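Structure first, then comments.
Residue numbers (my numbering): 86 to 341.
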């Protein structure tokens, strides 16, 4: 079992949440995480390079001079890559670098990425985000991050000790750290409140992917988001919906 600290809206610790690694697959395979991250990075490549080949440069294809009798080396077209102003030998063209891995592998990698945050003590839970729904302010989210301690520092005090500069104490908090805030569902108000905080990314757990989870150093979840994440992990571990329904149908059971 893994324990994750729980904090309230003001950043005070109110308890701990117990996480069963089996809920998220129970194992972390670095090679699979690496493969899925490369897939996401390849999908982000633009691939708009375009160089001119022999067919694209101006010039005739006529032989410049006869083969023998001139004393020069034999030549052909002026558009060859060996001559100044000629085309590139293997011209690079527009290319789509996107490729996909099996869905089961991608879903397993998401579970492993979340589990790695729990195992490495880089995750924490808050009861709710301190956001005024009528007038969302960035300063509310920034204040929460300054009040939350880094979970990988074994609960060191956030408040500065006697004679310690305040800037040193802030280094023990989530202030100016890369944080992924997970929400149970799409929330444009929370997104607007946190979008201008440096290093902070806000996304519903249904849109989590391996690259975003691993890129952000810390994972901050609300309690409803944690339950939604557990439910999503159970759904991903199970069979595809069509096969699950077919396996559980009375007709299939009677035929068996």
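Ideal Cβ positions, reconstructed from N, Cα and C, are used throughout, including at glycine. Quick caveat: nothing in here was measured; it's all calculated off a predicted structure.
| Query | Result |
| --- | --- |
| Where residue 236 falls, given that 16 or more other Cβ within 10 Å makes a residue buried | buried |
| Inter-stretch contact (C-beta, 8 Å, three-pair minimum) for the region 297-317 and the region 194-204 | yes |
| Span separating the alpha-carbon of residue 103 from that of residue 88 | 5 Å |
| Three or more C-beta pairs below 8 Å linking the region 172-186 and the region 212-219 | no |
| Identified DSSP bridge partners for residue 266 | 287, 305 |
| Straight-line gap, residue 118 to residue 194 (C-alpha atoms, nearest Å) | 6 Å |
| Three-state class that DSSP yields for residue 92 in the structure shown | strand |
| Residue 77, buried or exposed, once every other Cβ within 10 Å from all chains shown has been counted against 16 | Nothing can be reported for residue 77, as the shown portion of the chain is limited to 86 through 341. |
| Closest residue to residue 171 among 190, 159, 139, 305 (Cα-Cα distance) | 139 |
| Proximity below 8 Å, CB of residue 113 to CB of residue 191 | no |
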